[in-house]
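Residue numbers (my numbering), protein chains in the order written: chain A, 2 to 219; chain G, 2 to 219. No residue lacks a Cβ here, since even glycine has one placed at the ideal position from N, Cα and C. The structure presented is a predicted model; accordingly, all values stated were derived computationally and were not measured. Here's the structure we're looking at; comments come further down.
Shown next, in the form of structure tokens:
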């Protein structure tokens, strides 16, 4: 887990019985650390997004949407490594070929946007954003291939727009959502896509908000 | 609206286009004020709970529960005037005669508990509690009759137990719930009823939490 992960995320993870190993986002390679731990302790490595089973599991969010609303016009989801979005995109495209599917990422963390534009995976510098859960620098190998084939596009939002969305979610929807989880709501509220008259599904994912961030939000 | 209603409730109500009229809980009779306004301005009075249509509408919460989980063992809901609970109770009892149905109120605001015990509506002094949304002093005429015929009982919780439930809901469930809305969760978390091995439906209703209360909650 990044050493700067929210305290609530640490506590919740410990509460589920995990042993935490921290790393420095700027200086260390978490995949190398994980591989070394797996080898030395005989552990099974489960990649957080670049694994077909993880992608399929996260895609059940889209399945629930389309079971309830089969003729959904649009589906929006946050994109970090692309596990959630690629899983949702496969499911939604299969069940409703005409649906519009968009991922949403932070403007300064637009690695998936650039990768789709270039037709191959692009690596960007570590982005500075309040959306700490999606500070990836490149999409996954498997997730990129799925997104390339099934997505309609990527929408970009900035930190101020995320902030507005989090406040709306807290005070009007009564939901405590972390910055990364609120990006797709931010895209709609800030007018990045036309939704008038359409049935729109928005995936809101992640509620790791520290007391300090919540204070600022108030 | 009580003059001490949460600021977020005022703002949300104004946002929906309402004209607000305030009254003093201790000194004034809101039903008399409402009747007078209705007469002088030719308005239609809609009682917040003692109206069969309001009760039926609120009962759709239980209908959704039982459509998803037909063999629910227990259903718990907050009780103020009894609109939500009586509506839910009629629906749940009709769809699943064996279900256990319990209302939850604050120990110092136990007007429904006492009324059911006495077999007739009891009026108590205005209770002092953080659960401002259910500070009723007597159940409704219609709601009491329905609750008398369909409920299994009333559970009582105190302010400290409500507080614990609100914190759990905010930090682990990521839901901002007002004190009155969290009483049924408080009843379960504080062990007022045995839930082990049972399928339990809990109605969580109301998210009018002011910034001041949220600060205290943190």
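Beta bridge pairing from DSSP links residue 121 (chain G) with no other residue. Taking 8 angstroms as the threshold, the shortest C-beta distance from residue 212 (chain G) to chain A falls below it.
At a cut-off of 8 angstroms between beta-carbon atoms, residue 18 (chain G) makes no contact with chain A.
DSSP places residue 180 (chain A) within a helical segment (H, G or I) once states are collapsed to three. Contact note: residue 85 (chain A) does not reach chain G at a C-beta cutoff of 7 angstroms; the least C-beta distance is about 17 angstroms.
For residue 210 (chain G), the secondary structure class from DSSP, reduced to helix, strand or coil, is coil. The beta-carbon of residue 134 (chain G) is placed no less than 8 angstroms from the nearest beta-carbon of chain A. Interface flag for residue 151 (chain A) against chain G is unset, since no Cβ pair is found closer than 8 angstroms. For residue 9 (chain G), the neighbours in chain A by C-beta distance under 7 angstroms run, in chain order, 172. Under the 8 angstroms criterion on CB atoms, residue 204 (chain A) is classed as non-interfacial with respect to chain G. The alpha-carbon separation between residue 33 (chain A) and residue 39 (chain A) amounts to approximately 10 angstroms.
The beta carbons of residue 86 (chain G) and residue 110 (chain G) sit no closer together than 8 angstroms. Inclusion of residue 117 (chain A) and residue 125 (chain A) in the CB contact set at 8 angstroms is not warranted, their separation being larger than that value. For residue 70 (chain A), the secondary structure class from DSSP, reduced to helix, strand or coil, is coil. Taking the CA atoms as reference points, residue 107 (chain A) sits about 56 angstroms from residue 150 (chain G).
Taking 8 angstroms as the cut-off, the Cβ atoms of residue 209 (chain A) and residue 79 (chain A) do not count as close. A straight-line Cα-Cα distance of about 15 angstroms links residue 187 (chain G) and residue 218 (chain G). Shown here, residue 115 (chain A) sits in a helix according to DSSP, grouped into three states. In the DSSP assignment, residue 92 (chain G) falls within the unbroken alpha helix (DSSP H) covering 84 to 96. Excluding five sequence positions before and after residue 101 (chain G), the CB atoms of its chain that fall closer than 6 angstroms to its own CB belong to 75 and 153, given in chain order. For the 8 angstroms CB-CB criterion, residue 96 (chain G) and residue 67 (chain G) form a contact. At a Cβ-Cβ threshold of 8 angstroms, residue 163 (chain A) and residue 142 (chain A) do not count as neighbours. Residue burial is scored here from C-beta neighbours: residue 140 (chain A) has at least 16 other C-beta atoms within 10 angstroms and is therefore classed as buried. In the DSSP annotation of this structure, residue 145 (chain A) is not part of any beta strand (DSSP E); the continuous alpha helix (DSSP H) holding it starts and ends at 142 to 151. Remark: C-beta atoms of residue 112 (chain G) and residue 144 (chain G) do not approach each other more closely than 8 angstroms. Taking a C-beta distance under 8 angstroms as the contact criterion, residue 181 (chain A) and residue 135 (chain A) qualify as a contact pair.
Here residue 78 (chain G) is bridged, per DSSP, to G:104. Neighbours of residue 178 (chain G) in chain A, taken as residues at a C-beta separation under 8 angstroms, are given in chain order as 175. Annotation: residue 134 (chain G) is outside any alpha helix (DSSP H) and is labelled neither H nor E by DSSP.
For residue 216 (chain A), the C-beta contacts it makes with chain G under 8 angstroms involve 216 and 219, in order along the chain. With 16 or more other CB atoms across the displayed protein chains lying within 10 angstroms of its CB, residue 77 (chain A) is buried. Scanning G:203, G:43, G:185 and G:148 for the CA closest to the CA of residue 91 (chain G) turns up G:148. Contact between residue 175 (chain G) and residue 176 (chain A) holds, since their C-beta atoms are separated by about 6 angstroms, short of 8 angstroms. Taking C-alpha positions only, residue 89 (chain A) is separated from residue 203 (chain A) by approximately 11 angstroms. With a threshold of 8 angstroms between beta carbons, residue 208 (chain G) makes contact with chain A. A residue is called buried when at least 16 other Cβ atoms come within 10 angstroms of its Cβ; residue 173 (chain G) does not meet this threshold and is exposed.
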